[in-house]
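K.L.:
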Amino acid sequence: MLDSLLSPIRNLGHMTVNAVWRLGFITRFLLAILRYSGQSLLRFSLTIREIYFAGVLSLIIIVVSGLFVGMVLGLQGYNTLSRFGSADALGALVALSLLRELGPVLAALLFASRAGSAMTAEIGLMKATEQLDAMSVMAVNPIARVVAPRFWAGVISMPILAALFNVMGIFGGYLVGVVMIGLDNGTFWSQMQNNVDLHYDVINGLIKSLCFGVVVTLIAVFEGYDATPTAAGVSSATTRTVVTSALVILAVDFVLTAFMF
Amino acid sequence: MSSDHFIEFQDVSFAYGDRPILKNINLAIPRGQLVAIMGGSGSGKTTMLRLISGQIRPSRGKVLVGGRDVAAMSHAELFEHRRRMGMLFQFGALFTDLSVEDNVAFPLREHTRLPDSMIRDLVVMKLSAVGLRGTQTLMPAELSGGMARRVALARAIALDPQLMLYDEPFTGLDPISLGVIAHLVKKLNDALGTTAVMVTHDVHKSLDIVDHVYFVSNGEIVAEGSAEEVRASTSPWVHQFVWGEADGPVHFAYPAGSTLEEDLGLKGGRHA
Numbered sequence: 001m002l003d004s005l006l007s008p009i010r011n012l013g014h015m016t017v018n019a020v021w022r023l024g025f026i027t028r029f030l031l032a033i034l035r036y037s038g039q040s041l042l043r044f045s046l047t048i049r050e051i052y053f054a055g056v057l058s059l060i061i062i063v064v065s066g067l068f069v070g071m072v073l074g075l076q077g078y079n080t081l082s083r084f085g086s087a088d089a090l091g092a093l094v095a096l097s098l099l100r101e102l103g104p105v106l107a108a109l110l111f112a113s114r115a116g117s118a119m120t121a122e123i124g125l126m127k128a129t130e131q132l133d134a135m136s137v138m139a140v141n142p143i144a145r146v147v148a149p150r151f152w153a154g155v156i157s158m159p160i161l162a163a164l165f166n167v168m169g170i171f172g173g174y175l176v177g178v179v180m181i182g183l184d185n186g187t188f189w190s191q192m193q194n195n196v197d198l199h200y201d202v203i204n205g206l207i208k209s210l211c212f213g214v215v216v217t218l219i220a221v222f223e224g225y226d227a228t229p230t231a232a233g234v235s236s237a238t239t240r241t242v243v244t245s246a247l248v249i250l251a252v253d254f255v256l257t258a259f260m261f
Numbered sequence: 262m263s264s265d266h267f268i269e270f271q272d273v274s275f276a277y278g279d280r281p282i283l284k285n286i287n288l289a290i291p292r293g294q295l296v297a298i299m300g301g302s303g304s305g306k307t308t309m310l311r312l313i314s315g316q317i318r319p320s321r322g323k324v325l326v327g328g329r330d331v332a333a334m335s336h337a338e339l340f341e342h343r344r345r346m347g348m349l350f351q352f353g354a355l356f357t358d359l360s361v362e363d364n365v366a367f368p369l370r371e372h373t374r375l376p377d378s379m380i381r382d383l384v385v386m387k388l389s390a391v392g393l394r395g396t397q398t399l400m401p402a403e404l405s406g407g408m409a410r411r412v413a414l415a416r417a418i419a420l421d422p423q424l425m426l427y428d429e430p431f432t433g434l435d436p437i438s439l440g441v442i443a444h445l446v447k448k449l450n451d452a453l454g455t456t457a458v459m460v461t462h463d464v465h466k467s468l469d470i471v472d473h474v475y476f477v478s479n480g481e482i483v484a485e486g487s488a489e490e491v492r493a494s495t496s497p498w499v500h501q502f503v504w505g506e507a508d509g510p511v512h513f514a515y516p517a518g519s520t521l522e523e524d525l526g527l528k529g530g531r532h533a
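Protein chains in written order, with the working numbering: chain A, 1 to 261; chain B, 262 to 533.
(1) Does the region 105 to 121 of chain A touch the region 171 to 181 of chain A, meaning 3 or more C-beta pairs lie closer than 8 Å?
(2) Residues of chain A with CB closer than 9 Å to the CB of B/H372, please, in chain order.
(3) Between the beta-carbon of A/W189 and the beta-carbon of A/G91, is there less than 8 Å?
(4) Suppose the cutoff is 6 Å on Cβ atoms and the five residues either side in sequence are ignored; what does the same chain contact list for B/P497 look like?
(5) Tell me where the alpha helix (DSSP H) around A/A121 begins and ends.
(6) Does chain A have any CB closer than 8 Å to the CB of B/L400?
(7) Taking A/Q191 as part of the alpha helix (DSSP H), name the residues at either end of that continuous run.
(8) Please name the residue or residues paired with B/I290 in a DSSP beta bridge.
(9) Which residues, in chain order, does the region 325 to 342 of chain B contribute to contact with chain A at a C-beta distance below 7 Å?
(10) Runs of 3 residues minimum, wholly inside the region 341 to 388 of chain B: which ones carry the beta strand (DSSP E) assignment?
(11) Here's the rule I'm using: 16 or more other beta-carbon atoms within 10 Å means buried, otherwise exposed. How should A/V25 be labelled?
(12) Quick check on the DSSP output: the beta strand (DSSP E) that includes B/I482 runs from which residue to which?
(13) Kindly list, in the order they appear in chain B, the residues whose Cβ is closer than 8 Å to that of A/T129.
(14) Using a beta-carbon distance below 8 Å, is A/D133 in contact with chain B?
(15) Which residues in chain A have a C-beta closer than 9 Å to the C-beta of B/M408? List them in chain order.
(16) Output needed for A/F259: all residues of its chain with C-beta closer than 7 Å, excluding positions within five of it in sequence on either side, in chain order.
(17) If I follow the unbroken beta strand (DSSP E) through B/F476, where does it start and stop?
(18) Residues of chain C with CB under 9 Å from B/P368, in chain order?
(19) Under a Cβ-count criterion, where at least 16 other Cβ atoms within 10 Å of its own Cβ denotes burial, should A/Q193 be classed as buried or exposed?
(20) So is A/K208 buried or exposed if we call it buried at 16+ other beta carbons inside 10 Å?
(21) Indicate whether A/V216 and A/F151 have their beta-carbon atoms separated by less than 8 Å.
(22) Can you check which of these residues, B/V441, B/D435, B/R311 and B/I418, is closest to B/L453 by C-alpha distance?
(23) Which bits of chain A does B/R318 rub up against, with CB to CB less than 8 Å?
(24) Counting pairs of Cβ atoms below 8 Å between the region 428 to 435 of chain B and the region 273 to 280 of chain B, do you hit three or more?
(25) Please report the distance separating the alpha-carbon of B/S240 from that of B/S360.
(26) Using DSSP's beta-bridge definition, name the partner residues of B/K284.
(27) What are the boundary residues of the alpha helix (DSSP H) that B/S461 is part of?
(28) Short of 8 Å in beta carbon distance, which residues of its chain neighbour A/R10, apart from the five on each side in sequence? Order them along the chain.
(29) Which whole-angstrom value describes the C-beta separation of A/S157 and A/G224, a residue pair presumed to lie in contact below a C-beta threshold of 8 Å?
(30) Using only the alpha-carbon positions, how far apart do A/L2 and A/N18 sit?
(31) Please compile the residues from chain A whose C-beta is within a distance smaller than 9 Å of the C-beta of B/R344.
(32) Under 9 Å between beta-carbons, which chain A residues line up against B/S302? List them in chain order, please.
(33) Determine the chain A residues that contact B/S314 at a beta-carbon separation under 7 Å, and present them in chain order.
(34) Measure from the alpha carbon of B/M309 to the alpha carbon of each residue in B/L288, B/R410 and B/E403, then state which is nearest.
(35) Is it buried or exposed for A/S58, if we count other Cβ within 10 angstroms and need 16 for buried?
(36) Does DSSP classify B/G300 as helix, strand or coil?
The structure is reproduced here in structure tokens:
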């Protein structure tokens with residue numbers, strides 16, 4: 001009886017200790033990546049190759065999603081703004097929503113699902129098939145050779161992908177607002193130009209996406225490196241990457257928004 | 262122990278947490294010899310290889326390679342030690358995103374400043390040594406198990422190592438591939454003058470090529486000798502292992518806490 005009453009408390013304690021342990025471990029892992037980044041960046045071709053896999057191959061999902069998100073924003077924004085006679089402000093609404101929030105957050109969520117999960121699965125499988133051990137036995141540091149190039153590829157790709165997401169989103173808003181609904185072309189763009197501040201909106205949005213790039217890629221490479229070297233272990237590590245990344249992106253977004261805007 | 266011994270285990274014990282894997286192991290492997298470590302699954306054989314390569318450190322005792330304590334090496338010294346070592350993994354552990362040529366060239370590109378043309382020539386020579394010249398452009402997924410093992414062997418010898426470690430190199434191979442790999446291991450060992458340690462289950466093929474055999478059971482060395490001594494041995498350990506018998510000093514069945522009748526409910530249970 002007493003045991004069953006104490007069990008939830010024990011489980012909570014176990015989960016807390018485990019979470020703190022993992023936080024400490026991931027911090028040490030980040031320090032190791034930074035320590036060996038010099039070696040890795042000297043051979044930048046490795047990072048370029050990973051930018052292709054993480055960034056270039058994510059282009060389709062980012063571009064298509066950005067376009068549709070912008071089109072939906074255009075429709076919803078027009079419906080709401082026209083009730084107050086402010087339909088002319090549609091360009092500003094679409095741009096500000098995308099640049100400050102939707103662009104960085106949605107691009108990061110898509111990046112975590114597409115490239116983050118792939119990184120975790122690849123590193124996890126390399127561990128399961130002893131490729132990381134083989135590298136280590138050949139006196140090649142797997143963190144410098146495998147992890148660091150992927151980490152920097154993610155950090156570099158994320159802001160570029162978020163910027164492309166924003167561009168496509170604004171284009172989607174333009175298609176709906178100007179081409180479909182028939183708002184004035186000049187008003188759409190001039191409203192945007194007058195209300196969007198380069199530093200306050202654009203640069204802060206890019207800083208956000210850079211922060212998301214760091215956390216998403218760090219989670220992805222850590223989960224892969226820490227995966228149990230079995231099929232089930234790699235599968236659960238991949239799931240953890242997507243779920244943890246989504247939660248951390250939203251939490252970090254809240255903190256950054258509170259500081260920035 | 263003599264200085265001719267390239268590898269020495271001095272009272273080595275190793276445990277994962279509370280679970281002991283190796284207990285007071287003492288052995289000495291002379292320079293240039295090909296030595297096999299045999300024993301059942303989970304007996305601690307691969308752990309011995311991992312101790313030699315410095316992937317793990319002993320809980321007690323010393324592992325000396327070339328007279329130097331592996332556990333006492335700094336990070337840089339350990340990597341230097343590994344540069345002089347080659348290891349063939351159980352399933353090859355080829356890098357799946359690299360071609361055969363890039364796999365074999367990997368240690369050369371990482372540890373030498375040789376021009377690309379020379380690296381390509383060396384790769385061809387190493388692949389030729391394992392009978393796979395012409396496979397440079399293939400990817401690991403396009404190779405059979407035996408071919409992958411031979412490519413991994415070519416990669417392991419790319420830097421002409423002083424020490425070779427083989428982790429169950431014959432597992433899952435057809436008889437032809439097995440014979441070819443065994444022959445290659447012996448030929449390469451003789452040609453390069455390498456000291457080699459091979460962990461294996463394949464008793465008969467191994468006895469044809471090795472100089473000395475250690476039998477490990479429950480983390481202890483229970484028998485040792487040359488191939489001829491092993492074949493003639495009357496030790497119950499050796500006999501059971503060489504002839505693959507279920508009954509003997511090594512228990513095949515897991516020590517269940519109840520009888521089969523009890524588990525099936527036939528005695529004093531629900532069917533009684």
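By construction, the Cβ of each residue, glycine as well, lies at the ideal position given by its N, Cα and C atoms.
P.N.:
Walking through what the data contain:
(1) No: the two stretches stay apart, fewer than three of their Cβ pairs being nearer than 8 Å.
(2) Position 111 of the second sequence, counting from 1, holds the residue named residue 372 of chain B. Chain A residues near B/H372: M138, A139 and V140.
(3) Here residue 189 of chain A corresponds to residue number 189 of the first sequence, with the count starting at 1. Here residue 91 of chain A corresponds to residue number 91 of the first sequence, with the count starting at 1. A Cβ-Cβ contact shorter than 8 Å links A/W189 with A/G91.
(4) By 1-based counting over the second sequence, the position of residue 497 of chain B is 236. Same-chain partners within the cutoff: G509 and P510.
(5) In the first sequence, counting from the first residue as 1, residue 121 of chain A sits at position 121. S117 to A128 is the span of the alpha helix (DSSP H), which, as asked, contains A/A121.
(6) For the purposes of this step, residue 400 of chain B is identified with residue 139 of the second sequence, where counting begins at 1. Sequence inspection shows Met at residue 400 of chain B; the Leu mentioned does not correspond to that position. Not closer than 8 Å to any Cβ of chain A, the Cβ of B/M400 fails to qualify, so no.
(7) The count along the first sequence starts at 1 and reaches residue 191 of chain A at position 191. Element bounds for A/Q191: N185 to N195.
(8) Sequence index remark: in the second sequence, residue 290 of chain B carries index 29 (1-based). In DSSP, B/I290 forms a bridge with B/I268.
(9) Flagged, chain order: F340.
(10) The region 341 to 388 of chain B contains these whole beta strand (DSSP E) runs: 346 to 349.
(11) Residue numbering aside, residue 25 of chain A sits at position 25 when the first sequence is read from its first letter. The question names Val, but residue 25 of chain A is Phe in the sequence shown. So A/F25 ends up on the exposed side.
(12) Position 221 of the second sequence, counted from the start, is the residue given in the question as residue 482 of chain B. Per DSSP, B/I482 belongs to the beta strand (DSSP E) from E481 to G486.
(13) Within the first sequence, residue 129 of chain A is the residue found at index 129, counting from 1. Here the neighbours are F352, A354 and T357.
(14) Walking along the first sequence from the start, residue 133 of chain A turns up at place 133. Judged by the 8 Å Cβ criterion, A/D133 is in contact with chain B.
(15) Looking up residue 408 of chain B in the second sequence gives position 147. Those do not exist, as B/M408 stays about 16 Å from chain A at its closest Cβ, beyond 9 Å.
(16) Here residue 259 of chain A refers to the residue found at position 259 of the first sequence. Result list for A/F259: empty, nothing under 7 Å.
(17) For this step, residue 476 of chain B is matched to residue 215 along the second sequence. Note, B/F476: beta strand (DSSP E), H473 to S478.
(18) Looking at the structure shown, chain C is missing, and the protein chains on hand are A and B.
(19) By one-based count along the first sequence, residue 193 of chain A stands at place 193. So A/Q193 counts as exposed.
(20) Counting from 1 along the first sequence, the entry for residue 208 of chain A is found at position 208. So A/K208 ends up on the buried side.
(21) The residue given as residue 216 of chain A occupies position 216 in the first sequence. The residue given as residue 151 of chain A occupies position 151 in the first sequence. By the CB criterion at 8 Å, A/V216 and A/F151 fall outside the cutoff.
(22) Position 192 of the second sequence holds residue 453 of chain B. Of the candidates B/V441, B/D435, B/R311 and B/I418, the one whose C-alpha sits nearest the C-alpha of B/L453 is B/I418.
(23) Residue mapping note: residue 318 of chain B aligns to position 57 of the second sequence, counting from 1. Those within 8 Å of B/R318 in chain A number zero; the least Cβ separation is about 14 Å.
(24) Flag = no, the region 428 to 435 of chain B and the region 273 to 280 of chain B do not touch.
(25) There is simply no residue 240 of chain B to check, as chain B begins at 262 and stops at 533 in what is shown.
(26) Counting from 1 along the second sequence, the entry for residue 284 of chain B is found at position 23. BP columns for B/K284 are empty, so no partner.
(27) Within the second sequence, residue 461 of chain B is the residue found at index 200, counting from 1. At residue 461 of chain B the sequence reads Thr, which differs from the Ser that was named. Note, B/T461: premise wrong, no alpha helix (DSSP H); beta strand (DSSP E) at T456 to T461.
(28) Within the first sequence, residue 10 of chain A is the residue found at index 10, counting from 1. No residues qualify anywhere along the chain.
(29) On the first sequence, residue 157 of chain A is found 157 positions in, with the first residue counted as 1. On the first sequence, residue 224 of chain A is found 224 positions in, with the first residue counted as 1. Not quite, the Cβ-Cβ distance comes to about 17 Å (not below 8 Å), so this is no contact.
(30) Start at 1 with the first residue of the first sequence, and residue 2 of chain A comes out as number 2. Start at 1 with the first residue of the first sequence, and residue 18 of chain A comes out as number 18. Each residue's alpha carbon lies about 24 Å from the other.
(31) Counted from its first residue, the second sequence places residue 344 of chain B at position 83. Simply M138 and A139.
(32) Here residue 302 of chain B corresponds to residue number 41 of the second sequence, with the count starting at 1. Residues of chain A passing the Cβ test: none, with the nearest at roughly 17 Å.
(33) On the second sequence, residue 314 of chain B is found 53 positions in, with the first residue counted as 1. In chain order: V137.
(34) Along the second sequence, one-based indexing puts residue 309 of chain B at 48. It is B/L288 whose Cα lies nearest to the Cα of B/M309.
(35) For this step, residue 58 of chain A is matched to residue 58 along the first sequence. Buried, since its Cβ has 16 or more Cβ neighbours within 10 Å.
(36) On the second sequence, position 39 is the one that residue 300 of chain B refers to. DSSP places B/G300 in strand when its eight states are reduced to three.
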